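Residue numbering for the sequence shown follows full-length UniProt numbering, starting at 1 and increasing by one per position.
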Amino acid sequence: MINPKQLNIGVLLYGVGHHQAAWMTADSSIDEFTTIGYYENLAKIAERGKFDAVFFADAQAFPAYSATELPTSYFDPIVVLTAMSNVTANVGLVSTISGTFNNPFTSARQLLTLQHITKGRVGWNLVTSMSDYEAQNHSMLELPERAVRYKKADEFAEVMDKLFESWSIDDYSPDRANNKITKNDNIQPFNHNGDYFQVKGPLTLPLGKEGKPVAMQAGASIEGVALAAKYADAVYSVAWNLRQAKAYREKLDRAIRESHRPDCSIKVFPGLVTYVGKTKEEAQEKKAKLDDLLPIDTALKQLEFFVQQDTKSWKLDEKVPALPPIEEFTGPVGRYQTVLEIIEDRNPTVRELLGYLNAGGGHLTLIGTPEEIVDEIEKWMKAGVADGFNLMPPTLPGSLEDFVEFIIPEMQKRKIFRRNYNGENLREMLSLY
Numbered sequence: 001m002i003n004p005k006q007l008n009i010g011v012l013l014y015g016v017g018h019h020q021a022a023w024m025t026a027d028s029s030i031d032e033f034t035t036i037g038y039y040e041n042l043a044k045i046a047e048r049g050k051f052d053a054v055f056f057a058d059a060q061a062f063p064a065y066s067a068t069e070l071p072t073s074y075f076d077p078i079v080v081l082t083a084m085s086n087v088t089a090n091v092g093l094v095s096t097i098s099g100t101f102n103n104p105f106t107s108a109r110q111l112l113t114l115q116h117i118t119k120g121r122v123g124w125n126l127v128t129s130m131s132d133y134e135a136q137n138h139s140m141l142e143l144p145e146r147a148v149r150y151k152k153a154d155e156f157a158e159v160m161d162k163l164f165e166s167w168s169i170d171d172y173s174p175d176r177a178n179n180k181i182t183k184n185d186n187i188q189p190f191n192h193n194g195d196y197f198q199v200k201g202p203l204t205l206p207l208g209k210e211g212k213p214v215a216m217q218a219g220a221s222i223e224g225v226a227l228a229a230k231y232a233d234a235v236y237s238v239a240w241n242l243r244q245a246k247a248y249r250e251k252l253d254r255a256i257r258e259s260h261r262p263d264c265s266i267k268v269f270p271g272l273v274t275y276v277g278k279t280k281e282e283a284q285e286k287k288a289k290l291d292d293l294l295p296i297d298t299a300l301k302q303l304e305f306f307v308q309q310d311t312k313s314w315k316l317d318e319k320v321p322a323l324p325p326i327e328e329f330t331g332p333v334g335r336y337q338t339v340l341e342i343i344e345d346r347n348p349t350v351r352e353l354l355g356y357l358n359a360g361g362g363h364l365t366l367i368g369t370p371e372e373i374v375d376e377i378e379k380w381m382k383a384g385v386a387d388g389f390n391l392m393p394p395t396l397p398g399s400l401e402d403f404v405e406f407i408i409p410e411m412q413k414r415k416i417f418r419r420n421y422n423g424e425n426l427r428e429m430l431s432l433y
């Protein structure tokens with residue numbers, strides 16, 4: 001019997017949970033959030049659930065414009081992932097890297113170092129960053145316009161590949177008898193001279209037998225999708241509903257056909273928010289308790305960022321004012337498109353819109369029993385719009401533990417998710433060969 005397709009599952013670690021009220025609950029992890037033990041524990045839970053990867057988003061600024069705002073990640077992602085690698089043996093480790101602010105030589109060196117340490121468990125998510133606050137921490141007055149950021153990111157990805165592939169572990173062959181350590185003729189500069197980066201090369205360490213760290217991308221704009229088609233192995237996508245997920249998949253497939261690698265296959269991992277209970281009512285109650293704790297000022301600040309508008313004049317219990325079409329929007333396209341989808345689907349009041357966005361920012365949100373949730377997961381898989389999902393737990397570790405305890409066994413029962421690791425590295429787990 002041929003095994004059915006199996007899903008890949010990762011988890012996006014964010015603060016003490018993706019719900020903006022997660023820190024307010026009686027059992028919140030807010031007191032552990034600043035300890036390395038907190039992150040190590042999350043990695044161990046994900047590995048217990050046989051997850052493919054843990055993933056860190058990152059922001060290069062903390063403006064603290066609200067007293068209820070948390071840093072995206074208290075620690076630097078690469079440093080935290082290195083610590084997490086020491087308490088796990090299988091789960092993949094993915095860090096966000098900004099092509100706008102980072103140096104490709106330093107980033108490649110850090111990632112390939114961790115790739116060697118973990119025997120191939122590393123991935124990286126290339127972003128162009130999103131706020132002027134971040135730019136102002138990197139000697140810029142404001143963030144460059146999107147077209148410029150993506151042009152720089154394209155060159156960044158190109159240089160990263162050159163660095164990763166600049167020499168091989170096969171060229172490191174210590175030979176005492178002949179007084180040779182390397183096949184140094186194979187280790188040569190590549191002399192990249194571009195618009196943004198001048199890098200002589202090669203890297204200070206070789207590419208191992210596990211290959212390059214897995215390349216992820218998360219941009220939903222035309223430029224972002226084109227960048228993914230050119231360099232990515234997998235993408236993190238934003239989709240509130242099946243219609244939006246199908247439209248994204250079609251856009252990505254079109255960009256792949258128009259790229260220099262028209263036959264490549266790129267995995268798509270939509271974000272997923274889950275509230276699970278033994279009954280649907282129990283699951284709904286979990287969400288309602290969190291929503292009741294939501295700080296409105298924090299939620300409005302997030303909405304203002306998503307729509308790039310001042311919301312001070314918006315009435316909470318009136319319908320959302322008309323928003324400009326996607327073609328006129330200059331901010332982060334994926335989240336704005338999601339806001340438009342929610343408005344079209346639900347015609348919400350401002351308060352209701354905040355409720356839809358308050359955990360995960362408008363990703364697919366499933367509330368119900370394990371069976372009900374996995375029914376919808378399977379529907380997306382069979383529709384060809386999801387090769388897996390990037391879990392965005394409303395609370396951490398609580399919602400992650402719920403997913404491992406209730407939803408993973410249901411997926412395993414249906415044979416759409418692994419029961420055990422089989423010694424693969426991250427590239428192999430994601431079937432990227």
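Idealized CB from N, CA, C, for every residue including glycine.
Keep in mind that this is a model prediction, so the values were computed, not measured.
Residue i classed as buried or exposed, judged by whether at least 16 other C-beta atoms fall within 10 angstroms
i, result
"residue 73", "buried"
"residue 281", "exposed"
"residue 132", "exposed"
"residue 262", "exposed"
"residue 63", "exposed"
"residue 219", "buried"
"residue 79", "exposed"
"residue 298", "buried"
"residue 395", "buried"
"residue 387", "buried"
"residue 176", "exposed"
"residue 170", "exposed"
"residue 67", "exposed"
"residue 384", "exposed"
"residue 173", "exposed"
Whether residue i touches residue j by CB criterion (7 Å)
i, j, result
"residue 332", "residue 130", "yes"
"residue 126", "residue 157", "yes"
"residue 84", "residue 273", "no"
"residue 290", "residue 21", "yes"
"residue 147", "residue 128", "no"
"residue 10", "residue 58", "no"
"residue 199", "residue 426", "no"
"residue 350", "residue 307", "no"
"residue 239", "residue 364", "yes"
Range covered by the alpha helix (DSSP H) that runs through residue i
i, result
"residue 117", "104 to 117"
"residue 75", "Segment: none, residue 75 is in no alpha helix (DSSP H) and carries neither H nor E."
"residue 410", "408 to 413"
"residue 398", "398 to 402"
Local conformation of residue i per DSSP, three classes
i, result
"residue 338", "helix"
"residue 21", "coil"
"residue 270", "strand"
"residue 228", "helix"
"residue 95", "strand"
"residue 15", "coil"
"residue 38", "helix"
"residue 276", "strand"
"residue 308", "coil"
"residue 244", "helix"
"residue 199", "strand"
"residue 290", "helix"
"residue 252", "helix"
"residue 207", "strand"
"residue 26", "coil"
Residue range of the beta strand (DSSP E) that includes residue i
i, result
"residue 215", "214 to 217"
"residue 128", "Unbroken run through residue 128: none, as it is neither H nor E."
"residue 366", "364 to 368"
"residue 388", "388 to 391"
"residue 164", "Per DSSP, residue 164 belongs to no beta strand (DSSP E); it is in the alpha helix (DSSP H), 146 to 164."
"residue 238", "Here residue 238 belongs to no beta strand (DSSP E), and DSSP marks it neither H nor E."
Counterpart residues of residue i in DSSP-defined beta bridges
i, result
"residue 172", "182"
"residue 319", "349"
"residue 53", "10 and 92"
"residue 284", "According to DSSP, residue 284 bridges with nothing at all."
"residue 124", "95 and 215"
"residue 425", "For residue 425, which the question treats as bridged, DSSP gives no partner whatsoever."
"residue 59", "Answer is none; residue 59 lacks a bridge partner."
"residue 193", "198"
"residue 443", "As displayed, the chain neither begins before 1 nor continues past 433, which places residue 443 out of reach and without an answer."
"residue 359", "19"
Minimum Cβ-Cβ distance from residue i to chain C less than 7 Å
i, result
"residue 175", "Looking at the structure shown, chain C is missing, and only one protein chain is on hand."
Heavy atom of the ligand MN within 6 Å of residue i beta-carbon
i, result
"residue 88", "You won't find the ligand MN in this model; it holds no ligand whatsoever."
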